[in-house]
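Asks: Below you'll find the structure I mean.
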Amino acid sequence: MALPIHRLEWTVHASGVSDIDVIADSLSWLIGDEEFVEVEKTQSYHNTPMYIVHAEAKKRSDARRSLPRLGKSLLDELSTSIEGRIDEENWLHLRLKLDELVCGNPTLTSPHNPCESVKGRMKLEVYPGDIVEEVAHRLLTEASEIATRKGLPEISNSDDAND
Numbered sequence: 137m138a139l140p141i142h143r144l145e146w147t148v149h150a151s152g153v154s155d156i157d158v159i160a161d162s163l164s165w166l167i168g169d170e171e172f173v174e175v176e177k178t179q180s181y182h183n184t185p186m187y188i189v190h191a192e193a194k195k196r197s198d199a200r201r202s203l204p205r206l207g208k209s210l211l212d213e214l215s216t217s218i219e220g221r222i223d224e225e226n227w228l229h230l231r232l233k234l235d236e237l238v239c240g241n242p243t244l245t246s247p248h249n250p251c252e253s254v255k256g257r258m259k260l261e262v263y264p265g266d267i268v269e270e271v272a273h274r275l276l277t278e279a280s281e282i283a284t285r286k287g288l289p290e291i292s293n294s295d296d297a298n299d
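One rule links them: number in the numbering used here = place in the sequence shown (from 1) + 136.
See below:
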């Protein structure tokens, strides 16, 4: 059965001194395709340079390929904490620790944790009569099974690619 997801988005707000290439590479790895990553340079409220790095799988097929890249343990952890993560428009929200992601280890964090984070959200494929929490649980359980079968997350080592 196909994963009940419409789209998947990741966003990082980074300071002007951050290593944007590393952050963009990490989001490329997470989303599964560097074509889905955009970097925008802008000014912060205090007029200092900052970047918004955004990765988006707009097609269902791309989102379905991308989600299992989070790995079994993270998807299982997310599945047990669905309550409070789904908004009225059926988006499931999560945050990952940026430092852990750039090391190839996607790890959940809370919005109240002061660490730099990657904001993620996935649009659930919900139809009339569906219970949103059950759809989210099914999505995460099936994605976890796919991650297990495929041995995800596969950690890419950029040092090997540069040799």
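By construction, the Cβ of each residue, glycine as well, lies at the ideal position given by its N, Cα and C atoms. Keep in mind it's a predicted model, so treat the numbers as computed, not measured.
Using the DSSP secondary-structure output, state which residues sit across from threonine 147 in a beta bridge.
Replies: His190 and Lys255.
Asks: Between which two residues does the beta strand (DSSP E) carrying arginine 231 extend?
Replies: It spans 227-233 - the beta strand (DSSP E) in which arginine 231 sits, taken as one unbroken run.
Asks: Considering only their Cβ atoms, is the gap separating glycine 168 from arginine 201 smaller than 8 Å?
Replies: Their beta carbons are under 8 Å apart, which means arginine 201 touches glycine 168 by this criterion.
Asks: Check whether the Cβ atoms of leucine 166 and leucine 275 lie closer than 8 Å to each other.
Replies: Not closer than 8 Å, so no.
Asks: Between Pro250, Ile282, Gly256 and Glu225, which lies nearest to valine 262 when the distance is taken from Cα to Cα?
Replies: Checked all of Pro250, Ile282, Gly256 and Glu225; the closest Cα to valine 262 is Glu225.
Asks: Could you check if tyrosine 208 is buried or exposed, using at least 16 other CB atoms within 10 Å of its CB as the buried criterion?
Replies: Tyrosine is not the amino acid found at residue 208; the sequence shown has lysine there. Flag for lysine 208 reads buried.
Asks: Taking its Cβ as the centre, do 16 or more other Cβ atoms sit within 10 Å of glutamate 170, making it buried, or is it exposed?
Replies: It is exposed - the Cβ of glutamate 170 has fewer than 16 other Cβ atoms within 10 Å.
Asks: How close, in whole Å, do the beta carbons of proline 242 and leucine 206 come, if the pair is a contact with beta carbons under 8 Å?
Replies: Sure, about 5 Å apart at Cβ, within 8 Å.
Asks: Less than 7 Å between C-beta atoms, sequence neighbours within five positions excluded: which residues of the same chain meet that for leucine 214?
Replies: The residues are Leu230, Leu244 and Leu276.
Asks: Let me check understanding here. Comparing Cα to Cα, which of Asp235, Val268 and Arg257 lies closest to glutamate 192?
Replies: Of the candidates Asp235, Val268 and Arg257, the one whose C-alpha sits nearest the C-alpha of glutamate 192 is Arg257.
Asks: Thinking isoleucine 222 and valine 189 are a contact (beta carbons under 8 Å), I'd like their distance in whole angstroms, please.
Replies: About 25 Å separates the two Cβ atoms, so there is no contact after all.
Asks: Mind checking whether lysine 177 and tyrosine 187 have CB atoms under 8 Å apart?
Replies: Cβ atoms of lysine 177 and tyrosine 187: closer than 8 Å.
Asks: If distances are taken between C-alpha atoms only, which option among Ile156, Glu219 and Leu144 comes closest to phenylalanine 172?
Replies: Of Ile156, Glu219 and Leu144, the residue nearest in Cα terms is Leu144.
Asks: I need the boundaries of the alpha helix (DSSP H) containing lysine 286, first residue and last residue.
Replies: That run of the alpha helix (DSSP H) goes 268-286.
Asks: Within the continuous beta strand (DSSP E) that includes lysine 177, where are the two ends?
Replies: Unbroken beta strand (DSSP E) run through lysine 177: 173-179.
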